Every structure is written in structure tokens, then in C-alpha cells.
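Adding 18 to a residue's 1-based position in the sequence shown gives its number in the working numbering.
These notes are about the structure you will find just below.
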Amino acid sequence: MTRASVRTAGIAVVLGGAGAALLVGFAGVAQAAPGAPAPHSTHGGGMYGDPAAAAPFWRRQHDSNCGEMAVADVVGQATGKEPTEQQIDSTAENISSVAHSGSVWHPGGSTNNQDLPVLLAHYGVKATTANSTTGALEQNLSQGRKVIVGVNSEILWNDRGNRTQEDHFVVVTGIDTKAGVVHLNDSGVNAGRDEQVPLATFESAWATSHNFSVVTS
19 MTRASVRTAG IAVVLGGAGA ALLVGFAGVA QAAPGAPAPH STHGGGMYGD
69 PAAAAPFWRR QHDSNCGEMA VADVVGQATG KEPTEQQIDS TAENISSVAH
119 SGSVWHPGGS TNNQDLPVLL AHYGVKATTA NSTTGALEQN LSQGRKVIVG
169 VNSEILWNDR GNRTQEDHFV VVTGIDTKAG VVHLNDSGVN AGRDEQVPLA
219 TFESAWATSH NFSVVTS
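This is the structure in C-alpha cells:
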């Protein structure tokens, strides 16, 4: 991942290692279909995963640390002990990257996809990376596994800007096949707790990362 996105009140801030650019968006946050259903507490009825159980672990990011916040969210779901933003950032600053020289992350920087399992492992959560499919995500969620994916934030939030590159990480907490809605914990938006987006929008945003996913064991 080459950058990480933060959105506040209609403004998307795209942060990269060399600096920051400001993109003004007018479309609002996460264009979920009106009247999208509340999450189910079971895996039946077309729902894979448990968005209601995952929602309490959502936190808002305050730096270019969407990957770290996604990891903290998953650690919380998996262990019940969620690191704070300060704690997960400090961990990422003090662990060596497996993808490049230096640490996994530094303030204002970005996190390589392959380093997410490294961070998870620090907290005792085993995970693997894969280029996946929606069907595979459904099966993983139905089995209680936790899922992080790489997406394009401009597509996800219906913002102006580059829609061809992966630039953000989110946690997939549920897929409702009947409603055609994907449930996310998205640290990049104020309304990111159980953010609900149309399946087609999610798949388009996810495709920019070649359907990259991190799935817990």
C-alpha cells in the first residue's frame, strides 16, 4: 500500500511518505444503500460474519495508520484486548518490516500489505495474506475468522480523486448476500463503525488491491 487515507467532514486527506495532498469530496461518507438492514447476530439468513459483535472494536484513526488501526480492531475481536491507537503505532514503529528496510510504520508513512500479519503476530494472532474472492471472504467470516482488505478509498467513499490504486485498509465484519451489503469497520471515516456499503461498490474498491486480504487462522 502506497498511502493511507483519512476523511473528515467531507475532506479526504491522502497521506504519503513524501507529504500530504488534500482532496475535497462532496459526496458524503460511504454511500450505503438507504435503509440498509441492521446487522444480524447469526450467520444465517444471508449474513456471513457478525457485524454487531465486531462494531465495538472500531476506532477512528488520526494519522496515516489505517493498517495499524485495522490490526488493532482485529486483535480486539480475536482476543478481547484491543490496543489503543498509541500502542499499536508504537508497536509498528518498533518492529522491523518484512517488505523493506526500517520499521513497519512511522508517523506520516504507510504500511506495506505484507507487514499486517507481522503486527498481528506480535499480539499472538496468526494470519495469512491472499488474493481472494468474495465467496472466500464469506466462508472465512462464517467460520469466525477476521478479515482485513485493501481498498481504494475514493471508490469506497464516493470521493473525487484517483480511483485506480489501493490506498486504504478496512476490516470486513459481515457480508449480507440477501441485501447485497458489505459491513465494514472503517477507521478512515467518522461513520466507520459498522459502515455499510453496496456489494458492488466494495468489490470495485477491493479490486484495486487485486483482492488483497489478511485472514486470521
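Note that the Cβ used here is the ideal one computed from N, Cα and C, for glycine as well.
Remember, it's a predicted structure, so these values are computed and weren't measured experimentally.
Practice task
Take every Cβ of the region 66 to 83, pair it with every Cβ of the region 211 to 219, and state whether three or more of those distances are shorter than 8 Å.
Solution key: yes
Handout entry: Bounding residues of the beta strand (DSSP E) (the contiguous stretch that carries residue 108)
Key = Unbroken run through residue 108 is the alpha helix (DSSP H), 103 to 111; no beta strand (DSSP E).
Problem - Terminal residues of the alpha helix (DSSP H) in which residue 158 lies - result: Residues 152 to 160.
Exercise for the section: Please go through the same chain and pick out, in chain order, the residues whose beta-carbon is closer than 6 Å to the beta-carbon of residue 94, but skip the five residues on each side of it. Expected result: Hits under 6 Å: 75, 100.
Practice task
Verify whether the separation of the beta carbon atoms of residue 79 and residue 227 is less than 7 Å.
Solution key: no
Practice task
Within the region 168 to 205, note down every full beta strand (DSSP E) run reaching 3 residues or more, in order along the chain.
Solution key: 186 to 194, 199 to 203
Exercise for the section: Give me the Cα-Cα distance between residue 104 and residue 96, rounded to the nearest whole angstrom. Expected result: Whole-angstrom Cα-Cα distance: 19 Å.
Problem - CB contact flag (residue 111, residue 121, <7 Å) - result: In this structure, residue 121 lies closer than 7 Å to residue 111 by Cβ.
Problem - Other residues of its chain near residue 195: CB distance less than 6 Å, five sequence neighbours each side excluded - result: 64
Practice task
With DSSP collapsed to three states, give me the class of residue 115.
Solution key: Reduced to three states, the DSSP call for residue 115 is coil.
Handout entry: Unbroken beta strand (DSSP E) run spanning residue 145, endpoints
Key = 145 to 149
Exercise for the section: Just the C-alpha distance for residue 39 and residue 176, rounded to the nearest angstrom, thanks. Expected result: Because residue 39 sits at a pLDDT of 27, beneath the cut-off of 50, its placement in the model cannot be relied upon, and the point is left open.
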